[in-house]
Amino acid sequence: MSILEIQNVSKSFGRFKAVDKVSFTVQAGQIHGLLGPNGAGKTTTIRMIMNIILPDEGHIRLFGQAMNEELKTKIGYLPEERGIYPKMRVRELLVFLGELHGISRSLARLKSQQWLQKLEIGHTENKKVEELSKGMQQKLQFIGTILHDPELLILDEPFSGLDPVNVNLLKDIMLDFKAQGKAIVFSTHMMDAAERLCDEIVMIDHGKKVLDGSLSAIKNQYGKDAIHIEYKGDGNYLKKADIIHKLDDYGNYAELELKEGVSLNAFFSDAIKHLEVIKIDTRKSSLNEIFISLAGEGEDHE
Amino acid sequence: MNKIWIILKREYRESVFKKSFIIITLLTPLIMIGLSVLPTLLMFLSSEKTERIDVIDQSHSVYNELTVNLKDTLKNKKPKFIFKQVFVGNKPFDRLLSQEQALIENEQIDGLLFIPSTVEDSGKVEYYSKNVADLSLNHELRNAIRKIVMNHRIVKSGLDPRMVQKLIRPVEMKTVKIVKGGRAEERGFIQEYFSTFIFVMILYFTLIMYGASIMRSVVQEKTSRVIEVLLSGSTPFQLMTGKIIGQGLVGFTQYLIWAVFGIGLILFGSSSLPGVSQYLNFSPMTFVYFVIFFILGYFLFSTLYAAVGAVSNNDQEAQQMSMPIILLLIVPIIFNGYIVKSPDSSLSVFLSIFPTFSPIIMFARINLSNPPIWQIVSSILLLVLTILFSIWIVARIYRVGILMYGKRPTLPEIMKWLKN
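Note that the protein sequences, when read in sequence, are chains A and B.
Once you know that position 70 of the first sequence is 73 in our numbering, the rest is easy, because the numbers rise by one and skip nothing.
Once you know that position 58 of the second sequence is 152 in our numbering, the rest is easy, because the numbers rise by one and skip nothing.
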C-alpha cells in the first residue's frame, strides 16, 4: 500500500495556477524528493497534502484514506515557514506539540528529552525559545516534527539555514527513519542534496510535473555524458565550436555536451589548439543539469 | 474535543502566568481601592490644623456668638478655630489692615475676618487669607456668620427664630423603586446611574480587553509563522475555539480575583466607606444576568476580533481594522444615559434586542427596570443565534486568513472565501 497518493491535483490562486494536474505516489521506506525551483508549487502541493489548503481538483489519499484528524497524528510536518512560540519554554513547547499530535504528556516529555540530547541542545530545556540561536530553533522545530514518531515525514526545505554539521545530523535522522520503513517527502530546491538522499523524485516547474521516477532510472534516461573542463584562455572558442551541442560556461570552467558521433578525443585535440586545458573529465549529468534541460525545453514549447 | 482542550490549556497557561497578567490583575483592585480611600484620607489630613483667625468686628454683635458656635475640635482635641478679636481703636483702618496682612504673610495668623458695622443690611463680610481655596473652611465660616446674622435680623423684626426655622424647613422627596415581586427599594437616580454605569463599563472594558488580546494572539501566531505547525496537528476551527475558550477562562480567572477583592472591600470596608457601599448594593439576579451577558458578549466579540486578527498582518493593521468592532461597543455606552432615563421606550427595547448591542443594553435595562421576560428571552436567543452564525462565518475567514501573508484582503476577497 502506498503511504501517499496524489492524483491530478490542481490549485489556482486567482488567475495564477500554482499547481497543475500533479500526480505521484510515495511508498514506505523511501525518501521521496519533491524538487523544483522557488515558486514551482512545492509548498502549495505540501499544504494540500496537509489539508491546510483545499485542492481545486484531484484527490489526495494518505494511508489509503482521505485526510482526517486521526491521520494527522501519523504525519510529521516541517513547514517551510519556520515558526514557534517565542515566549514558551523549550520543554513546554515540545510537550505541547507532542500532545497536539496525539501522544501523552509523559511520553512527550520523555521523547523531547531524548531528542534534545541527541541533537545536542539538551541544555536548552528550560530556556525560552526566543533565547536560542536561529540554528537551535531550527533543530527545536525539527524535534517538534518527529516527536510523535510519525509514519510519514513531510519536510519542506529542512536544511535551509543550517550549518554542514547540523545538516549531517538531520540527514542521519532522516536515514534512520527510512531504515525503520517510514516514508519521507523531502521538498527542496537544492538538487545536489536531493541527489544524495532521495530514492524517488518528482520534479515540478511552474506548477507542472516535469519528471517522476527513481533517481537511478532518471539519471539513466535523461543523463548524458557531460564533459567538465577547467581552462585558461578565450572561452569564445567553446561558444563557436560546432562540435559542441550544449554549453554552460562559467569563464574558467565549463560543462558541455558534444554533438552525437563526436568523440572526446576529437574535442580534446581541437580544444588544446585554442585553450590551455587544466583539467578535463566526463561524468553523467547531475540532477541540476537534467532539471535545467527539462525546464528549458518546457519553456521552448510554450 | 481533545485537541481543543490541549490548545485551550496552552493558551490559558501562557496567559495566566505571564507577568503582565499578574501585574494588571493585582494592580487594578489596588488602584480602585486607592481611588476610593484617597479622598477620605486627604480629608482627614487637611483637618489636622488649627486655624488662627483675627476678627475685626465693627458690628460688635457677631464675634461672641461666632466663638460660641464654632467650637469644633480636631482629632487631637485641640480647638479647630482660635479667634482673637482685634479693635480698630483710634488707628486708621488701612494701617490696621496692612498690619494684619503682614501677620498673615509671616504665618503668625491664618486669616483675618472683617465684619463691617453694616453687616445686617449689606449681608457682606470679608475674609483675608493666604489660602482662600479651602472650600470646607470657607463654607463653615460663612454658614456660621450667616446663621448669626439671620437670627439677628429675625429678632429685630420681632419674630421668634425657632418659629421661623420651623416654617422654612425644606421638603425632601424619597424615591422608591418597585422591583420584581412587588418589593420596594429605596433608590435614587444617582444610585441607579452609578450601579448600572459601573457594570456597563466593566462589560465594555473587559469585552474590548479580552477581545483585543485574542486578536493580538492570532496576529502573533501569524507573524511568528507558528500557525502552520499548529495546523499540522489540528483544524482551524479547533484552533479558534481553543483560543477563544482559553482566553475566556483567563478573563474569568481575572474576574474571580477581582470579585474576591470587591466582596472583601464591601464586607470589611463598608464601615469606613459608607458612601461607596450603598452604590454597590446589587441583587444576586443582577449578578447572574451580568455573567450571562458577559459570556454571550464575550463569545460574540471574541469571534469578531479573531476574524480581524486572521485577516491582518501586524498589530497596527489589526488595530485599525478593529475600529468597527469598537464602534459596536461604543454605541451602547453612548446610549447608556438615555437608557437610564427611559429604560422602557421603544428605542431602548429595540437596542436591547439588537444582537450586537444587547449584551450591554439589555443588561442595563434589567438593572434599571423590569423588562418583560419575552424581551429578555428573545434578546438572549437572538444573541445566541448571532454567535453561532458569526462562528460559522469567522471559521471560514479564519481558515483562509491565517495563511495569507503580505497583503491585506479586500472585502470582495473575503466574501469569496465565504463562498467556498
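Beta carbons: idealized from backbone N, C-alpha and C, even for Gly.
Since this is a predicted model, take the numbers as computed values, not measurements.
Taking Leu-390 of chain B as reference, the option from B:Arg-319, B:Lys-337, B:Arg-459 and B:Leu-475 with the minimal CA-CA separation is B:Leu-475. Per DSSP, Ser-13 of chain A lies in no alpha helix (DSSP H); the unbroken beta strand (DSSP E) holding it starts and ends at 7-16. Using beta-carbon distances, Lys-45 of chain A does not count as an interface residue toward chain B, since no partner is under 9 Å. The count of Cβ pairs closer than 8 Å, one atom from the region 416-431 of chain B and one from the region 447-458 of chain B, reaches three, so the stretches are in contact.
Straight across, the Cα-Cα distance linking Leu-343 of chain B with Tyr-106 of chain B is about 7 Å. Nearest C-alpha to Glu-60 of chain A among A:Leu-81, A:Phe-66 and A:Ser-15: A:Ser-15. The beta-carbon distance between Leu-143 of chain A and Ile-157 of chain A, rounded to whole angstroms, is 18 Å. This is too long to meet the 8 Å contact definition. Contact of His-104 of chain A with chain B is assigned, a C-beta pair being separated by under 9 Å.
Judged by DSSP in its simplified three-state form, Phe-448 of chain B adopts coil rather than helix or strand. Pairing Tyr-88 of chain A with Asp-202 of chain A, the inter-Cα distance amounts to about 35 Å. Gly-236 of chain A sits away from Thr-47 of chain A, with the two beta carbons spaced by 9 Å or more. Residues of the same chain with a CB within less than 6 Å of the CB of Ile-9 of chain A, apart from the 5 flanking positions on each side, are Ser-26, Phe-27 and Ile-63 in chain order. At a cut-off of 9 Å between beta-carbon atoms, Arg-85 of chain A makes contact with chain B. The Cβ of Ile-321 of chain B sits closer than 9 Å to at least one Cβ of chain A. For a Cβ distance threshold of 8 Å, residue set Arg-319, Glu-322, Val-323 and Ser-326 of chain B lies close to Pro-82 of chain A, ordered along the chain. The C-beta distance from Ala-400 of chain B to Val-488 of chain B rounds to 6 Å, short enough to fall under 8 Å.
Shown here, Tyr-221 of chain B sits in a strand according to DSSP, grouped into three states. Taken residue by residue, none of the region 123-137 of chain A has a beta-carbon sitting less than 9 Å from a beta-carbon on chain B. Contact note: Gly-61 of chain A does not reach chain B at a C-beta cutoff of 8 Å; the least C-beta distance is about 16 Å. Look at the beta carbons and you see the region 220-233 of chain A touching the region 283-297 of chain A: at least three pairs across the two are nearer than 8 Å. As the crow flies, the alpha-carbon of Asp-179 of chain A is around 51 Å from that of Leu-301 of chain B. Look at the region 146-198 of chain B and you find these whole runs of alpha helix (DSSP H), each 4 residues long or longer: 157-163.
Arg-319 of chain B carries a coil assignment under DSSP once its states are collapsed to helix, strand and coil. Near chain B, meaning a CB-to-CB distance below 9 Å, the residues of the region 50-77 of chain A are Arg-50, Met-53, Asn-54, Ile-55, Ile-56, Leu-57, Glu-72, Lys-75 and Thr-76. For Lys-137 of chain A, the closest alpha carbon among the candidates A:Gly-86, A:Val-12, A:Glu-233 and A:Asn-239 is that of A:Gly-86. Proximity of Tyr-88 of chain A to chain B, defined by a Cβ-Cβ separation below 9 Å, is satisfied. Selection A:Glu-279, A:Ser-190 and A:His-231 evaluated against Ile-49 of chain A yields A:Ser-190 as nearest (Cα-Cα). Within 10 angstroms of the beta-carbon of Arg-459 of chain B lie 16 or more other beta-carbons, which makes it buried.
When the beta-carbon positions are compared, Gly-184 of chain A and Ala-31 of chain A come within less than 9 Å of each other.
The Cβ atoms of Leu-103 of chain A and Ser-328 of chain B sit closer than 9 Å to each other. Using a Cβ distance threshold of 9 Å, Asp-204 of chain B and Glu-159 of chain B do not count as a contacting pair. At a beta-carbon threshold of 7 Å, the residues of chain A lying near Arg-104 of chain B are Phe-99, ordered along the chain. One thing to note: Lys-337 of chain B has its Cβ no nearer than 9 Å to the Cβ of Asn-407 of chain B. Between Arg-236 of chain B and Val-243 of chain B, the alpha-carbon positions lie close to 10 Å from each other. By the neighbour-count criterion, in which 16 or more other beta carbons inside 10 Å mark a residue as buried, Phe-299 of chain B falls on the exposed side. At a cut-off of 9 Å, the C-beta of Ile-101 of chain B has a neighbouring C-beta in chain A.
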